[in-house]
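Colleague: For the sequence shown, my numbering begins at 86 and goes up steadily by one. Idealized CB from N, CA, C, for every residue including glycine. For clarity, every value in this text was computed on a predicted model and none was experimentally measured. First the structure, which I've put down as structure tokens, then a few questions once you've had a look.
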Amino acid sequence: MDSGNKPVRVLVSACLLGEKVRYDGGHKRDPFLIGTLGPFVEWVRVCPEVDCGLPVPREAMRLARDPSHPHLVAIGTGIDHTERMERWAEARLEELSGLDLRAYICKKDSPSCGMEPAGVFTRMFIGRFPHLPVEEEGRLADPVRCRRFLRRVKA
């Protein structure tokens, strides 16, 4: 990416930036994203679980029920947070529509913002912005995949 250009805006899972927002109070800071891509992008952070009002730490969650419309369910108590997440996500996606985002880098295996299977927020993001590239952080370590992703971001 050409550092002489204005940085492009990329939505990113906040835990990948080192924010302690994960269910266990930890983070998943990704040195590659921060050190290699960071100088060329303007990160727009998102943590769907915290941003929709869930605490840190919190009970671990999983995707359950219908795979085409999965529910976000707490593993121990069985509390379904889907409706809360979807209400928040609708409002957040409306805000994001005015930011000229160029891509979304999400957290692998997250029930809210993972990609395969698509977490609740990621599924809604893709539905709202089907033209934007979406990638999980670990897959960007592959040089070929990363180049392809960056070409799409800059297109």
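Can you tell me where the alpha helix (DSSP H) holding M200 begins and where it ends?
Modeller: Here residue 200 corresponds to residue number 115 of the sequence shown, with the count starting at 1. That residue, M200, is in no alpha helix (DSSP H); it is neither H nor E in DSSP.
Colleague: Mark L122 as exposed unless 16 or more other C-beta atoms lie within 10 angstroms of its C-beta, in which case mark it buried.
Modeller: Taking the first residue of the sequence shown as 1, we reach residue 122 at position 37. So L122 counts as buried.
Colleague: Going along the chain, which residues of its own chain have a beta-carbon closer than 8 Å to the beta-carbon of G138, five neighbours each way excluded?
Modeller: Here residue 138 refers to the residue found at position 53 when the sequence shown is read from its first residue. Within the same chain, G138 has close Cβ partners R169, W173.
Colleague: Hey, K192 and E222: beta-carbon distance below 9 Å or not?
Modeller: Counting from one through the sequence shown, the residue named residue 192 turns up at place 107. Counting from one through the sequence shown, the residue named residue 222 turns up at place 137. In this structure, E222 lies closer than 9 Å to K192 by Cβ.
Colleague: In its own chain, which residues sit with a C-beta less than 7 Å from the C-beta of S197, not counting the 5 before and 5 after it?
Modeller: Working through the sequence shown from its first residue, we reach residue 197 at position 112. Cβ neighbours of S197 beyond the five flanking positions: P133, E134, L157, M170, G204, V205, F206.
Colleague: Measuring only the C-alpha atoms, how far is S98 from V131?
Modeller: Here residue 98 refers to the residue found at position 13 of the sequence shown. Here residue 131 refers to the residue found at position 46 of the sequence shown. Computed Cα separation, rounded: 5 Å.
Colleague: Just curious, the alpha helix (DSSP H) that L178 is in, first and last residue?
Modeller: For this step, residue 178 is matched to residue 93 along the sequence shown. Note, L178: alpha helix (DSSP H), 167-181.
Colleague: So, is D115 buried or exposed, given that buried needs 16 or more other C-beta atoms within 10 angstroms?
Modeller: The residue you call residue 115 lines up with position 30 of the sequence shown. So D115 counts as buried.
Colleague: Is the Cβ-Cβ distance between H112 and L96 less than 9 Å?
Modeller: To locate residue 112, count along the sequence shown from 1; it is residue 27. To locate residue 96, count along the sequence shown from 1; it is residue 11. It is not a contact, given that the beta carbons lie outside the stated cut-off.
Colleague: So what does H156 bridge to, in DSSP terms?
Modeller: Walking along the sequence shown from the start, residue 156 turns up at place 71. In DSSP, H156 forms a bridge with A149.
Colleague: Decide if V229 is buried, meaning its Cβ has at least 16 other Cβ atoms within 10 Å, or exposed.
Modeller: Within the sequence shown, numbered from 1, the residue matching residue 229 stands at position 144. With fewer than 16 other Cβ atoms within 10 Å, it is exposed.
Colleague: Take R208 as the anchor and find which of L186, L148, C231 has the nearest alpha-carbon.
Modeller: Sequence index remark: in the sequence shown, residue 208 carries index 123 (1-based). Checked all of L186, L148, C231; the closest Cα to R208 is L148.
Colleague: To the nearest angstrom, how far is it from the Cα of I190 to the Cα of V219?
Modeller: Mapped onto the sequence shown, residue 190 falls at position 105. Mapped onto the sequence shown, residue 219 falls at position 134. Between I190 and V219, the C-alpha separation is close to 6 Å.
Colleague: Once DSSP output is grouped into helix, strand and coil, what is the label at I84?
Modeller: Any answer about residue 84 is impossible in this case: the structure gives the chain only from 86 up to 240.
Colleague: Run through DSSP, which three-state label would F234 get?
Modeller: For this step, residue 234 is matched to residue 149 along the sequence shown. Of the three classes helix, strand and coil, the one that applies to F234 here is helix, per DSSP.
Colleague: Just how far apart, CA to CA, sit L225 and D165?
Modeller: Locating residue 225 in the sequence shown gives position 140, where the first residue counts as 1. Locating residue 165 in the sequence shown gives position 80, where the first residue counts as 1. The alpha-carbon atoms of L225 and D165 are separated by roughly 32 Å.
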